[in-house]
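Notes follow the structure.
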Amino acid sequence: MVPRDKDHEMQIANESIWLESIVQLHDGYEVDAVARFTDRLLRLASSRLPNRLQQRVDPEDIVQSVFRSFFDRNSRGRFQFEQSPDVWRLLAAMTYRKVKKTIRHHGQQLRDVRREASTPSDFPTAQDDAPTASSWVVMMELLEGILEQIPETHQRIVRLRLDGHSIDEIAATVGVTSRTVDRALSLVRKVASEMMGDE
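Below, the structure written as C-alpha cells:
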C-alpha cells in the first residue's frame with residue numbers, strides 16, 4: 001500500500017507533468033484536456049442556460065467553442081499557468097462568458113429580427129440571470145488570478161472599485177491621479193477579457 005504522503009507527492013508530480021504538456025504544447029494535450037474537463041464544463045454551461053433556451057442551444061456547442069478558443073489562444077502563447085487548477089479556472093470562466101454572450105445574442109435576435117414566434121419568457125429575466133453560488137466562486141477565483149498579475153497599487157484600486165468607491169475617491173485614497181485609476185481599471189478589464197476568451 002502506498003503511503004498517503006507518497007501518494008500525494010505522486011499526484012503533484014503527475015499534475016505538474018500534465019500542466020507542462022499544456023504549456024509546452026505536447027502532442028495529444030488537447031485530447032487529454034477535453035477528456036478531463038468536458039463533463040464539468042457541460043454541467044456549468046447547462047446550469048447557466050435557461051431551460052427554454054436549451055431547446056435552441058446545445059451546451060455541448062458552447063463547450064466545443066470554448067475548447068476551440070482555448071486551444072487557439074494557448075497555441076499563440078496567450079495564457080500563463082502556474083498550477084494545474086489555473087487551467088480549470090480559465091476554462092470555467094470562458095464557458096461562463098460564452099454562455100452570457102449566447103443569452104445576449106438570442107435575446108437580441110428575438111427583439112430585432114423576430115424570426116421566431118416566441119414569447120419573452122423564452123429568455124432569461126433579471127432573476128434568471130442572477131449568478132449562482134458556483135458561478136460566483138468561478139468569477140472570484142478568476143479575479144484573484146488577475147489581481148496576482150498586476151502591481152499592488154492596481155490591486156488596491158480594483159478592490160476599492162469593487163467596494164463601490166468612485167474614481168475620485170479611489171485616487172485620493174491611493175494617492176494617485178484619476179487618470180492612473182482609469183488606466184488600472186482598463187488594464188484589469190483587458191486581462192480579464194483575454195483570460196475569458198472574449199472575441
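If you count by the working numbering, then the sequence shown holds residues 1 to 199, one letter each, in order.
Just so you know, even glycine gets a beta-carbon here, dropped at the ideal spot from N, CA and C.
In chain order, what residues of the same chain lie with their CB nearer than 7 Å to the CB of residue i, ignoring the 5 residues before and after it?
{"i": "Ile170", "result": "Ile157, Leu160, Arg161 and Val181"}
{"i": "Ile167", "result": "Ser178, Val181 and Asp182"}
{"i": "Ser95", "result": "Looking at the sequence shown, residue 95 is not Ser but Thr. Excluding residues within five positions, the ones whose Cβ falls inside 7 Å are Leu41, Leu44, Ala45, Ile62, Val63 and Val66."}
{"i": "Glu214", "result": "No answer is possible for residue 214: the residues shown for the chain start at 1 and end at 199."}
Can you tell me which of the three DSSP states residue i falls into?
{"i": "Pro59", "result": "helix"}
{"i": "Gln24", "result": "coil"}
{"i": "Asn74", "result": "helix"}
{"i": "Phe37", "result": "helix"}
{"i": "Phe67", "result": "helix"}
{"i": "Ser47", "result": "helix"}
{"i": "Val176", "result": "coil"}
{"i": "Asp163", "result": "coil"}
{"i": "Pro85", "result": "helix"}
{"i": "Gln80", "result": "coil"}
{"i": "Arg183", "result": "helix"}
{"i": "Thr125", "result": "With a pLDDT of only 40 at Thr125, under the threshold of 50, the placement of this residue in the model should not be trusted; the figure read from the coordinates follows. Reduced to three states, the DSSP call for Thr125 is coil."}
Identify, in the order they occur along the chain, each residue of the same chain with its Cβ nearer than 8 Å to the Cβ of residue i, setting aside the five sequence neighbours on each side.
{"i": "Thr215", "result": "No answer is possible for residue 215: it lies beyond the span of the chain, which begins at 1 and ends at 199."}
{"i": "Leu25", "result": "Asn74 and Ser75"}
Would you grab the beta carbon distance between residue i and residue j for me? Rounded to a whole angstrom, and I think it's under 8 Å.
{"i": "Ser46", "j": "Lys98", "result": "Contact doesn't hold; Cβ gap of about 13 Å is too wide."}
{"i": "Val63", "j": "Thr38", "result": "6 Å"}
{"i": "Val188", "j": "Ile150", "result": "7 Å"}
Going by C-alpha distance, which of the options is nearest residue i?
{"i": "Lys190", "options": "Arg78, Asp86, Glu82 and Ile17", "result": "Arg78"}
{"i": "Glu82", "options": "Ser186, Ser21, Gln155 and Asp163", "result": "Ser21"}
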